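Chemist:
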Amino acid sequence: MTRTFVIGVGLTTFDKPGKKPGDYPDWVREAGTAALRDAGVAYEQVGQAYAGYVYGDSTAGQRAVYELGLTGIPVVNVNNNCATGSTALYLARQAVAYGIVDCALAVGFERMQSGSLKPMYTDRTNPLQRHIDRMSEIHPPEPSPFSPQLFGNAGRAHMERYGSKPEHFAWIAWKNHKHSVNNPYAQFQTEYTLEEITASRMIHEPLTKLQCSPTSDGAGAVVIASEAFVDRAGCQDRAVEITGQAMATDLVSSFDATADPMRIVGYDMTKQAAAQALRQAGHRPEDIDVCELHDCFSTNELITYEALGFADEGNGHELVERRATTYGGDGPVVNPSGGLIAKGHPLGATGLAQCAELTWQLRGDAGPRQVDGAHVALQHNLGLNGAAVVTVYERVA
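Following the UniProt record's numbering, the numbering of the sequence shown begins with 1 at its first residue and continues without gaps.
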């Protein structure tokens, strides 16, 4: 394998569905052009493209990427639920790492409907049916939407087993909304008080509305290149190396008789992917300076602290109690972008927005949300049924 680098990133703003001017090809043109400009390369130098989206017709990826150029390169459409963007990144990085191309492009986009996620096809098996069935054996179904039910029940399990409290989850949402104030790409840029977080409408205990990620429209793009390409292009000063990356899917523990709500929503596949990525990178969890983590719900951020190794299982709320995961804390700064809760969650773009944020952080280009001394970064992107993609990045210079 050759060394691989992020050399260009680009985003659109993330917006409430129906509020963003234009359509998904326009958004990919904006984000992709920004990423290519950031890399200092022309689209004609890209050897393959991977286009991620969840909601759309089968060749929407080609239609979007054609806004950047018509060079005949392979364009692969990618759908891996909420981990779609990072899966496109994973495939682009593999193409470069194994010498198939010297330069690859990952784009992700989404045009979503307002409201909670719902199954799109009701005449066939729901892909999440095994998760829903196993969760129903533990918790009788409630009227709330299925996603907050799944992740809310994981939070309940943590409270029952380890003593965390609703206030711990509310603090995570408070932190992420506070971080988002300094992110011009974020859907929400409002700082809320803890009281406002906890007083917002209850969706599924312990999750209130301000602890849930919104549906969003937007796009992101990342240019990946080999070491030889970086040397030829002379962009070493902008390059951020991917030193570890791994994807895991559901394990037996997600569904068997020992499965608890935390395992059902991906705890073990996150743990496996993190261990593999960190091992590749030659790092331990305590080496991470900054992290973009899949906080689709505040409960998932807390249990993912443990799955990533930032805390032992059962101790994630202790990081909250000492405010370890924000600026000035003794842990990695988690979700300086505002995370999914505040930045927004256009499914196909989310993983690429995480990559963009960490690239800016490691370059020292994050402005008022810059994490001092950021040298090693970790990205976690989760999609139920099922993928967890964990990527470790390092500053080159």
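We put the beta carbon where it would ideally sit given N, CA and C, even for glycine.
This structure is a prediction, so every number in the text was calculated from the model and none was measured.
Taking all protein chains shown into account, decide if Ile341 is buried (16 or more other Cβ within 10 angstroms of its Cβ) or exposed.
Modeler: For this step, residue 341 is matched to residue 341 along the sequence shown. That one is buried.
Chemist: From His139 to Ala34, what distance separates their C-alpha atoms?
Modeler: To locate residue 139, count along the sequence shown from 1; it is residue 139. To locate residue 34, count along the sequence shown from 1; it is residue 34. Whole-angstrom Cα-Cα distance: 46 Å.
Chemist: For Gln187, report the span of its alpha helix (DSSP H) as first-last.
Modeler: Reading the sequence shown from its first residue, position 187 is the one you call residue 187. Premise fails: Gln187 is in no alpha helix (DSSP H) and is neither H nor E.
Chemist: Does the ligand FAD have a heavy atom nearer than 8 Å to the CB of Gly32?
Modeler: Looking at this structure, you won't find the ligand FAD or any other ligand, since it has none at all.
Chemist: According to the Cβ coordinates, are Thr12 and Gly218 closer than 9 Å?
Modeler: What you label residue 12 is simply residue 12 of the sequence shown in a count that begins at 1. What you label residue 218 is simply residue 218 of the sequence shown in a count that begins at 1. Cβ atoms of Thr12 and Gly218: closer than 9 Å.
Chemist: For Val290 and Leu358, which I take to be in contact (beta-carbon distance under 8 Å), what is that distance rounded to the nearest angstrom?
Modeler: For this step, residue 290 is matched to residue 290 along the sequence shown. For this step, residue 358 is matched to residue 358 along the sequence shown. Correct: roughly 7 Å between the Cβ atoms.
Chemist: Given a cut-off of 9 Å, decide if Glu191 and His204 are closer than it, judged by their beta-carbon atoms.
Modeler: Counting from one through the sequence shown, the residue named residue 204 turns up at place 204. Counting from one through the sequence shown, the residue named residue 191 turns up at place 191. Not in contact: His204 and Glu191 (Cβ atoms no closer than 9 Å).
Chemist: Do Ala388 and Ala83 have their CB atoms nearer than 9 Å?
Modeler: In the sequence shown, counting from the first residue as 1, residue 388 sits at position 388. In the sequence shown, counting from the first residue as 1, residue 83 sits at position 83. Taking 9 Å as the Cβ cut-off, Ala388 and Ala83 qualify as a contacting pair.
Chemist: Entirely within the region 1-34 and at least 3 residues each: give me those beta strand (DSSP E) ranges in chain order.
Modeler: DSSP runs (the beta strand (DSSP E)) wholly in the region 1-34: 4-11.
Chemist: Does the Cβ-Cβ distance between Leu308 and Thr270 come in under 9 Å?
Modeler: Here residue 308 refers to the residue found at position 308 when the sequence shown is read from its first residue. Here residue 270 refers to the residue found at position 270 when the sequence shown is read from its first residue. Yes.
Chemist: Whether or not the region 290-304 and the region 155-168 are in contact is what I'm after, with contact meaning three or more pairs of Cβ atoms, one per stretch, closer than 8 Å; do they touch?
Modeler: Yes, they touch.
Chemist: Which one of Val76, Gly152 and Glu67 has the shortest CA to CA distance from Lys209?
Modeler: Taking the sequence shown and counting its residues from 1, the one referred to as residue 209 is at position 209. Closest by alpha carbon: Gly152.
Chemist: Do you know how far the Cα of Asp23 is from the Cα of Glu298?
Modeler: In the sequence shown, residue 298 corresponds to position 298, counting from 1. In the sequence shown, residue 23 corresponds to position 23, counting from 1. The amino acid at residue 298 is misidentified as Glu; the sequence shows Ser. Answer to the nearest angstrom: the Cα atoms are 30 Å apart.
Chemist: Give, in chain order, every unbroken run of the beta strand (DSSP E) that is at least 3 residues long and sits entirely within the region 163-249.
Modeler: You should have 202-204, 218-226 and 240-248.
Chemist: Contact defined as beta carbons within less than 8 Å: I believe His380 pairs with Val390. What is the distance between those atoms, to the nearest angstrom?
Modeler: Walking along the sequence shown from the start, residue 380 turns up at place 380. Walking along the sequence shown from the start, residue 390 turns up at place 390. Between Val390 and His380 the Cβ distance is about 5 Å, and since that is below 8 Å, they are a contact.
Chemist: Under 8 Å by Cβ, that's how I've got Ile264 and Met135 pegged, so tell me the actual separation to the nearest angstrom.
Modeler: Mapped onto the sequence shown, residue 264 falls at position 264. Mapped onto the sequence shown, residue 135 falls at position 135. Between Met135 and Ile264 the Cβ distance is about 5 Å, and since that is below 8 Å, they are a contact.
Chemist: Are the CB atoms of Ser337 and Tyr185 within a distance shorter than 9 Å?
Modeler: As a working mapping, residue 185 is identified with position 185 in the sequence shown. As a working mapping, residue 337 is identified with position 337 in the sequence shown. Yes.
Chemist: Which first and last residues belong to the alpha helix (DSSP H) in which Tyr305 is found?
Modeler: For the purposes of this step, residue 305 is taken as the residue at position 305 of the sequence shown. Element bounds for Tyr305: Ser298 to Ala307.
Chemist: Evaluate the contact criterion for the region 37-48 versus the region 96-104: three or more CB pairs, one atom per stretch, below 8 Å.
Modeler: With a cut-off of 8 Å, the region 96-104 and the region 37-48 count as touching, because enough Cβ pairs lie within range.
Chemist: Of all the alpha helix (DSSP H) runs that stay within the bounds of the region 44-74, which reach a length of 4 or more residues?
Modeler: Within the region 44-74, the complete alpha helix (DSSP H) runs of at least 4 residues are 60-65.
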